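*Asks:*
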Ligand code: GDP
Ligand code: MG
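Residue numbers (my numbering): 275 to 987.
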């Protein structure tokens, strides 16, 4: 083969190092040069390494960090470095071919799926990273489907082509079959495992190698090597056919000649990808500095800009009517706060994505949930742990606001004269909790402040205090999550807390409708106290949460006492009626009552509401709910019997079993309560050959045997 080596300098260090003019590049009308993307994957597939390489090639960092050395820029929280995993999504910005790419790194550990969920809510496109050996792993499947739910167009990147056992074709077919997506390779690997040296570009019909001395910055472009020529020809034909099926311009070009020019093909791919009709597949080895620059090219060429999602939908919070905004700087502002982070220097940062109009420093902006205006103190653009102060955040951009005191995750910010509320995010319910108290009395206020701050940042960390016993309980998505929250309390807030054992987060609910009444009439401290409340409690749809409706005239319960009635009902909801677990999925209605102009008081109404609620809930057939986890276990066929037998004794409910080679994959639902110590058990059952992942699935009513145990504990 004739090797015509063309040296191509692809680095864009210069442009970004000298600032690459925000001003020149990113004025709102230039929305088409923005890419808001996320990188999602199963843990260990190589997200962090790939992100580091992206930042390196784009000139954002000048030295490559490695995950195992704890030197990467993106994993910046201390705990992440120690544990080698990514917990908080860090947003960062870089430039490639004069495009501005905002990247949100997302964590892979299941305890933190909420982080993935919130980044997907504000992304325009995503890169799914797969391991060339592991293929489509359980979590890649979860995240992929989450992305589907938010209609986020994706590129698949098959990483680790250098590893022993790497198999490009198998992973492509897994992406097609197991993820049900219209995946089609835009590249072929040149060599595999140790001999993986470059890629064949099926769009431009060129081969590319990576110059090792420049850490892959310089590319060696040549003709396609003869041994790959026929395979490349076949793959190119398939690619063209698939794009033609999904795009009319490519179809008409194809009718004239099957050799569709690269330019036309690329435009067609872009349209098909942004319309979620196809998923282009790329490959490389991030660790060995191969293929990442082509991945960046694909982000620019095929993933949508905010303009491709030109109409933002929402509702008018006053009327409930559907309203829309056009993306762009000249329309009224709409933005969503997707994450809060406390920072010891500047205070609380509210990560925000602007959908239309812009946000300006010093401006007042309306919060639809709070129904009031708050002032934007300062604005920042973020790069992992450093930041740059800016004056304006335009349509399509992502940045952080400082100065909004009461904002929480999921809030919509908009112009007060053009109200719009954007679609909210969904968060799973915590599945575990632990009791927490200050080490010394003097630490109590500090602990309360720390808990409040952590809970406001993280929608899956919920803190409750039992109004009667005063015990505080912190709940989260798993042992690791709780452990990290406790760790952060010590490091960031300097409070030492004493915690109980992590326990399964049971809830209570009702399965029928019941009515309760309390006529509170007592003499306390020589003064008569009076209040009368009638409550009805019934079941709501599973995961709907609780709703409280006050359906009684102000002649019976005057407006001033309504908040006390609500406090009393909430006291009852938090403390439950069976085993002091919080209650959920209730529909609570206050349907009657009475007051006395002279003797009614706040305290009397709060107590009467609590007692009426308890009476109603007790007759409404209360039951316990427990968290159910979905496990995916991969084991050798020879251990199947033992693994299944053990699952059976753990109240496991098998959902699916498939064979892949000589491995068996078991999908099974198991109550979390039965899973303590499971990793040790499965290791000994299979002599260490099995692996598994788990994620929260749903809450279900417990069977009678468990109910009896919980009642007697
Ligand atoms: P994440 O959990 O998805 O963020 O994955 P990391 O980037 O932390 O990578 C997990 C492990 O795989 C680390 O030890 C990396 O050094 C390694 N790794 C990442 N990319 C490659 C690759 O292309 N080839 C090989 N052989 N190893 C890789
Ligand atoms: Mg990582």
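A virtual CB, placed ideally from N, CA and C, is assigned to each residue, including glycine. This structure is a prediction, so every number in the text was calculated from the model and none was measured.
1) Can you look up residue 838 in the DSSP assignment and give me helix, strand or coil?
2) Pairing CB atoms from the region 880 to 897 with CB atoms from the region 799 to 814, are three or more of them under 8 Å?
3) Can you give the Cα-Cα distance for residue 391 and residue 698, rounded to whole angstroms?
4) Quick check: residue 571 and residue 546, are their CB atoms within less than 7 Å of each other?
5) At what residue ranges does the region 778 to 835 contain a whole run of the beta strand (DSSP E), taking only runs of 3 or more?
6) If you draw a straight line from the C-alpha of residue 536 to the C-alpha of residue 542, how long is it?
7) Is the beta carbon of residue 320 within less than 6 Å of some heavy atom of ligand 1?
8) Grab me the residues of residue 886's own chain with a C-beta within less than 7 Å of its C-beta, minus the 5 sequence neighbours each way, in chain order.
9) Okay, do the region 489 to 499 and the region 564 to 579 touch, 3+ Cβ pairs below 8 Å being the bar?
10) Where do the ends of the alpha helix (DSSP H) carrying residue 419 lie?
11) Just list the beta strand (DSSP E) runs in the region 836 to 924, keeping only unbroken ones of 3 residues or longer that don't cross its boundaries, in chain order.
12) Hey, how far is the Cα of residue 361 from the Cα of residue 640?
13) Please state if the CB of residue 838 and the CB of residue 795 are separated by a distance shorter than 7 Å.
14) Pull up the CB-CB distance for residue 307 and residue 584, whole angstroms please, since I reckon it's below 8 Å.
15) Does the Cβ of residue 428 lie closer than 6 Å to at least one heavy atom of ligand 1?
16) Work out the CA separation of residue 725 and residue 816 for me, nearest whole Å.
17) Does the contact criterion of 3 or more C-beta pairs under 8 Å hold for the region 741 to 749 versus the region 841 to 852?
18) Inspect the beta-carbon positions of residue 694 and residue 746 and report whether they are closer than 7 Å.
19) Please confirm whether any heavy atom of ligand 1 lies closer than 6 Å to the CB of residue 329.
20) What residue does the beta strand (DSSP E) around residue 586 start on, and which one ends it?
21) Looking at the secondary structure, which residues open and close the beta strand (DSSP E) in which residue 495 lies?
22) Rounded to a whole number of angstroms, what is the C-alpha to C-alpha distance between residue 312 and residue 964?
23) Could you please give me the residues that DSSP links to residue 710 through a beta bridge?
24) Per DSSP, what are the beta-bridge partners of residue 973 in this structure?
25) By Cβ distance below 8 Å, which residues in the same chain neighbour residue 268 in space, the five residues on each side in sequence not counted?
26) So what's residue 617 in DSSP terms, helix, strand or just coil?
27) Under the rule that 16 or more other beta-carbon atoms within 10 Å means buried, what is residue 459, buried or exposed?
28) How do the region 904 to 912 and the region 864 to 874 stand: do at least 3 beta-carbon pairs fall below 8 Å, yes or no?
29) Beta carbon of residue 1009: closer than 6 Å to some heavy atom of ligand 1?
30) By Cβ distance, which residues of its chain are closer than 8 Å to residue 892, with the 5 residues on each side in sequence left out?
31) The beta strand (DSSP E) spanning residue 739 covers which residue range?
32) Is residue 416 buried or exposed, if buried means 16 or more other CB atoms sit within 10 Å of its CB?
33) Can you determine whether any heavy atom of ligand 1 sits closer than 6 Å to the C-beta of residue 317, and answer yes or no?
34) Where does residue 755 sit, in a helix, a strand or coil, going by DSSP?
35) Consult DSSP for residue 602 and reduce its assignment to one of helix, strand or coil.
36) Am I right that residue 437 and residue 410 are in contact with their C-beta atoms under 8 Å? What's the rounded C-beta distance?
*Replies:* The answer reads as follows:
1) Against the chain shown, residue 838 aligns to sequence position 564. Helix.
2) yes
3) As a first step, residue 391 must be located in the chain shown, where it is residue number 117. As a first step, residue 698 must be located in the chain shown, where it is residue number 424. Each residue's alpha carbon lies about 11 Å from the other.
4) Taking the chain shown and counting its residues from 1, one reaches residue 571 at position 297. Taking the chain shown and counting its residues from 1, one reaches residue 546 at position 272. Contact: no.
5) 781 to 784, 788 to 798, 801 to 813, 821 to 824
6) Looking up residue 536 in the chain shown gives position 262. Looking up residue 542 in the chain shown gives position 268. Taking C-alpha positions only, residue 536 is separated from residue 542 by approximately 10 Å.
7) What you label residue 320 is simply residue 46 of the chain shown in a count that begins at 1. Yes, the Cβ of residue 320 comes within 6 Å of a heavy atom of ligand 1.
8) As a position in the chain shown, residue 886 is number 612, starting the count at 1. If we look at residue 886 and ignore the five residues flanking it on each side, its Cβ neighbours are 790, 791, 792, 807, 808, 809.
9) Cβ pair count under 8 Å is three or more, so yes.
10) Here residue 419 refers to the residue found at position 145 of the chain shown. Here the alpha helix (DSSP H) through residue 419 covers 412 to 423.
11) 860 to 868, 896 to 910
12) As a position in the chain shown, residue 361 is number 87, starting the count at 1. As a position in the chain shown, residue 640 is number 366, starting the count at 1. Reliability of the predicted coordinates at residue 361 is poor, the pLDDT of 41 falling under 50, and the value obtained from them is presented with this limitation in mind. Residue 361 and residue 640 have their C-alpha atoms spaced approximately 31 Å apart.
13) On the chain shown, residue 795 is found 521 positions in, with the first residue counted as 1. On the chain shown, residue 838 is found 564 positions in, with the first residue counted as 1. No, the pair does not count as a contact, with Cβ atoms beyond the cut-off.
14) The residue given as residue 307 occupies position 33 in the chain shown. The residue given as residue 584 occupies position 310 in the chain shown. At roughly 15 Å, the Cβ-Cβ gap does not stay under 8 Å, so residue 307 and residue 584 are not in contact.
15) By 1-based counting over the chain shown, the position of residue 428 is 154. For ligand 1, not one heavy atom lies less than 6 Å from the Cβ of residue 428.
16) Counting from 1 along the chain shown, the entry for residue 816 is found at position 542. Counting from 1 along the chain shown, the entry for residue 725 is found at position 451. Roughly 28 Å between the two C-alpha positions.
17) yes
18) Locating residue 694 in the chain shown gives position 420, counting from the first residue. Locating residue 746 in the chain shown gives position 472, counting from the first residue. No. Outside cutoff.
19) Locating residue 329 in the chain shown gives position 55, where the first residue counts as 1. Because no heavy atom of ligand 1 lies under 6 Å away, the Cβ of residue 329 does not count as near it: no.
20) What you label residue 586 is simply residue 312 of the chain shown in a count that begins at 1. Start and end: 585 to 589.
21) What you label residue 495 is simply residue 221 of the chain shown in a count that begins at 1. Taken as a continuous stretch (DSSP letters only), the beta strand (DSSP E) holding residue 495 covers 492 to 496.
22) Position 38 of the chain shown, counted from the start, is the residue given in the question as residue 312. Position 690 of the chain shown, counted from the start, is the residue given in the question as residue 964. About 30 Å.
23) Position 436 of the chain shown holds residue 710. DSSP lists 746, 773 as partners of residue 710.
24) Counting from 1 along the chain shown, the entry for residue 973 is found at position 699. According to DSSP, which records beta bridges pairwise, residue 973 is partnered with 901.
25) The chain is shown from 275 up to 987; residue 268 falls before or after that span and cannot be answered.
26) Taking the first residue of the chain shown as 1, we reach residue 617 at position 343. Three-state DSSP puts residue 617 in a strand.
27) Working through the chain shown from its first residue, we reach residue 459 at position 185. That one is buried.
28) no
29) The requested residue 1009 does not occur in the structure, where the chain is confined to residues 275 to 987.
30) Position 618 of the chain shown, counted from the start, is the residue given in the question as residue 892. Non-local C-beta neighbours of residue 892 in its own chain, meaning closer than 8 Å and more than five positions away in sequence, comprise 788, 790, 851, ordered along the chain.
31) Taking the chain shown and counting its residues from 1, one reaches residue 739 at position 465. Its beta strand (DSSP E) spans residues 736 to 739.
32) Along the chain shown, one-based indexing puts residue 416 at 142. It is buried - the Cβ of residue 416 has at least 16 other Cβ atoms within 10 Å.
33) Against the chain shown, residue 317 aligns to sequence position 43. Yes; taking the cut-off as 6 Å, the Cβ of residue 317 has a heavy atom of ligand 1 nearer than that.
34) As a first step, residue 755 is located in the chain shown; it is residue number 481 there, counting from the start. In the structure shown, residue 755 sits in a helix (DSSP, three-state: H, G or I).
35) Walking along the chain shown from the start, residue 602 turns up at place 328. DSSP places residue 602 in coil when its eight states are reduced to three.
36) Start at 1 with the first residue of the chain shown, and residue 437 comes out as number 163. Start at 1 with the first residue of the chain shown, and residue 410 comes out as number 136. About 16 Å; that fails the 8 Å criterion.
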